[in-house]
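Number of protein chains: 2
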Amino acid sequence: METTAVVVGTGNVATHLTRALLNSGVRVLMLYSRTKAHAEEAALSSGVPSTYNWRELPADADFYIYAVSDSALSTVLAQELAPAAIHLHTAGSIGSEFFPQHKPRHGVLYPLQTFSKSKPLDFRSVPLFIEASSADVLAEVNRLALMLADKVYESDSQQRRHLHLAAVFACNFVNHLYAIADELVQSSGLPFEVLRPLIVETASKIEFLSPRDAQTGPAVRRDESVLQKHLELLSDHPAYQKIYELISRSISGF
Amino acid sequence: METTAVVVGTGNVATHLTRALLNSGVRVLMLYSRTKAHAEEAALSSGVPSTYNWRELPADADFYIYAVSDSALSTVLAQELAPAAIHLHTAGSIGSEFFPQHKPRHGVLYPLQTFSKSKPLDFRSVPLFIEASSADVLAEVNRLALMLADKVYESDSQQRRHLHLAAVFACNFVNHLYAIADELVQSSGLPFEVLRPLIVETASKIEFLSPRDAQTGPAVRRDESVLQKHLELLSDHPAYQKIYELISRSISGF
């Protein structure tokens, strides 16, 4: 029996999720964005019909997946639609109690990954964390999740919040450190490319070593003379100086 | 004509450098560590004779490479040995003016990479930054560097200092964020493994996008409600709370 879905949202997560649904044989009946231009763009790039008018959404899909920003989530969930279907959100930091009463069969499908529209990735390797309002909904969500990816974990809202927080450190903050490093390297007249082997190796090391064992650099060696020189080099960047001091102190005391 | 070298140091950099020298056909005459146990261990793992007695080092090598901590560097460079040979250090933050007068032919061979003894890596992909006391020494150092790796850049001490600083952000600090994420994930009862696809993808994205364009997460979306929830979740970890606030603020203002 064919599985059908509607995807609400056309951002980074929605785009990758739609692609994964299509790749795994789910029929995506329609995409929704509140912005006309985004809806049109998403239809073009996915080949799935889209709308920016809530009333045009079909009421007969098996799954309604809400992949929108946390702040937009309550608005879209408040819309009454398909009360017998399964409604899922994809947010790391929002509990399953967030669903209104007119969506009794609901759950969460949280992909622990960073998505940018323009960067393709293998969705099958994305760990999915699921939660559901009842055992039978959980079985359905689990079936859908396993169509999309190889690793599916059941986790409650509290665990998912911690995961999301951990992901902010391991991904969003890490990427910002790349951006700072990029700025520093370019200001010395060298291209960012020279840092790529280091960045890849740093990520690859933790397949072999725990992050604690993989730690290198002046802070873990407590090399005060290098730390002082680096703080001086950052004298034009007081915000980076503070980040340098705080993380170095955290490494030394870890 | 065979190239010969002596490696002073048996730490992470020295270990990988020795392996790379051997792999590229350089004859490593001897390794030195001031610690007997380290010298013996290095001899066992590399197959190269080693000593902890400075006077046993051969005086006829082409290159003497000092891969020791910044704080140990002045002590080993102060030793008088092989005044006609080329003496190189591998430190990112130390200028070439650091060499004493009795080592007139000197330079720097700085590998921009993170090395842990137990993690193998392909040294040919490590960017090497070189500097030398004269044009003829530079030619020799360049020849040696190209035996070891594919990308060799000439850079002065000031550029190298900036590179080293950038590497601390892109590698050492990044790894510490992995360690924090590890702790957060494990405290919620999940294994660190669940974060690995995210970590690898975060590093892989910047081959396609600049770090600025690759930025995702609540801080770049200025999602105050998630930021507040995350700070509450970190209430038992005031040091991580500070790191969270500081980096989020830096991302929002970037």
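Here the protein sequences line up with chains U and F, keeping their order. If you use the numbering used here, the first sequence closes out at 254, no skipped numbers anywhere. If you use the numbering used here, the second sequence closes out at 254, no skipped numbers anywhere. Every residue, glycine too, gets a C-beta built ideally from N, C-alpha and C. Please read these numbers as outputs of a predicted model, since none were measured by experiment.
Exercise for review: Output yes or no for whether 7 Å exceeds the beta carbon distance between U/Ser116 and F/Pro197.
Suggested key: no
Check your understanding: Would you call the region 161 to 174 of chain U and the region 218 to 231 of chain F touching, i.e. three or more CB-CB distances under 8 Å?
Key -> yes
**Study point:** Under 8 Å by beta carbon: chain U residues contacting F/Gly189
**Key:** Gln159
**Study point:** Proximal residues, the region 40 to 58 of chain F versus chain U, C-beta separation under 8 Å
**Key:** none
Review point. Sorted by chain position, which residues of the same chain lie with C-beta nearer than 6 Å to U/His38's C-beta, five sequence neighbours on each side aside?
Key: Thr10
Check your understanding: Which runs of the beta strand (DSSP E) fall wholly inside the region 148 to 181 of chain F and span at least 3 residues, in chain order?
Key -> 152 to 154
Review point. How about F/Asn175: is its C-beta nearer than 7 Å to some C-beta of chain U?
Key: It does: the Cβ of F/Asn175 has a partner Cβ on chain U nearer than 7 Å.
Point to revise | Proximity test, U/Asp236 beta-carbon vs the ligand FAD heavy atom, cut-off 6 Å | key: Among the components of this structure there are no ligands whatsoever, and the ligand FAD is therefore not found.
Review point. Taking Cβ-Cβ distances shorter than 8 Å, what residues in chain U pair up with F/Pro83?
Key: Under the 8 Å cutoff, chain U gives no residues; its nearest Cβ is about 27 Å from F/Pro83.
Exercise for review: Evaluate F/Glu154 with the Cβ neighbour count: other Cβ atoms within 10 Å of its Cβ, from every protein chain shown; 16 or more gives buried, anything less gives exposed.
Suggested key: exposed
Check your understanding: Of all Cβ atoms in chain U, is any one closer than 7 Å to the Cβ of F/Pro111?
Key -> Chain U contact via Cβ: absent.
Review point. When the cut-off is 7 Å and only beta carbons count, does U/Lys242 lie next to chain F?
Key: yes
Review point. Closer than 7 Å, CB to CB, is U/Arg124 near chain F or not?
Key: no
Check your understanding: According to DSSP, is U/Ile206 helix, strand or coil?
Key -> If DSSP states are grouped into helix, strand and coil, U/Ile206 belongs with coil.
Exercise for review: Mark U/Gly107 as exposed unless 16 or more other C-beta atoms lie within 10 angstroms of its C-beta, in which case mark it buried.
Suggested key: Buried: at least 16 other Cβ atoms inside 10 Å.
Practice item. Could you tell me whether any Cβ in chain U is nearer than 7 Å to the Cβ of F/Pro211? Key: yes
Review point. What residues of chain C sit near U/Tyr178, judged by a beta carbon separation below 7 Å?
Key: As a matter of chain content, chain C is missing from the structure shown, whose protein chains are U and F.
Review point. What is the rounded straight-line gap between the Cα of U/Pro58 and the Cα of U/Leu29?
Key: 7 Å
Practice item. Name the residue from F/Thr114, F/Ser71, F/Leu31, F/Ala72 whose alpha carbon lies nearest to the alpha carbon of F/Pro127. Key: F/Thr114
Point to revise | Cβ-Cβ distance between U/Ala67 and U/Val6 below 7 Å | key: no
Point to revise | Distance CB(F/Ala170)-CB(U/Ser250) smaller than 7 Å | key: Here F/Ala170 is not near U/Ser250, since their CB atoms are 7 Å or more apart.
Review point. Which of the three DSSP states, helix, strand or coil, is assigned to U/Val226?
Key: Three-state result, U/Val226: helix.
Check your understanding: Is it true that the CB of F/Ile86 sits closer than 7 Å to the CB of F/Val137?
Key -> yes
Point to revise | Within chain U, the residues that F/Arg261 reaches when beta carbons sit closer than 8 Å | key: Residue 261 of chain F lies beyond the range of chain F shown here (1 to 254); nothing can be said about it.
Practice item. Please state if the CB of F/Lys205 and the CB of F/Ala219 are separated by a distance shorter than 7 Å. Key: no
**Study point:** Residue burial classification, F/Ala78 (beta-carbon count within 10 angstroms, cutoff 16)
**Key:** exposed
Point to revise | Chain-ordered chain F contacts of U/Ala72 [CB-CB under 7 Å] | key: Contact of U/Ala72 with chain F by beta-carbon distance below 7 Å is absent, the smallest such distance being about 11 Å.
Practice item. Could you tell me whether the Cβ atoms of U/Pro111 and F/Asp182 are closer together than 7 Å? Key: no
Practice item. Just mark U/Thr75 as buried or exposed, buried being the case when its beta carbon has 16 or more other beta carbons within 10 Å. Key: exposed
Practice item. List the residues of chain U whose Cβ lies closer than 7 Å to the Cβ of F/Arg221, in chain order. Key: Ser69
Review point. What residues are listed by DSSP as bridge partners for U/Tyr32?
Key: Answer is U/Val8, U/Thr51, bridged to U/Tyr32.
Check your understanding: To the nearest whole angstrom, what separates the beta carbons of F/Thr90 and F/Leu17, a pair I think is in contact under 8 Å?
Key -> 7 Å
**Study point:** Within 7 Å, strictly: CB atoms of U/Asp62 and U/Thr4
**Key:** Yes, they are a contact pair.
Review point. Taking Cβ positions only, does U/Leu165 come closer than 7 Å to chain F?
Key: yes
Exercise for review: Quick one: grab the DSSP three-state call for F/Pro83.
Suggested key: The answer is coil: DSSP assigns F/Pro83 none of H, G, I, E or B.
Review point. Taking the C-alpha atoms as reference points, what is the distance between F/Tyr64 and F/Pro49?
Key: Rounded to whole angstroms, F/Tyr64 to F/Pro49 spans 15 Å at the Cα level.
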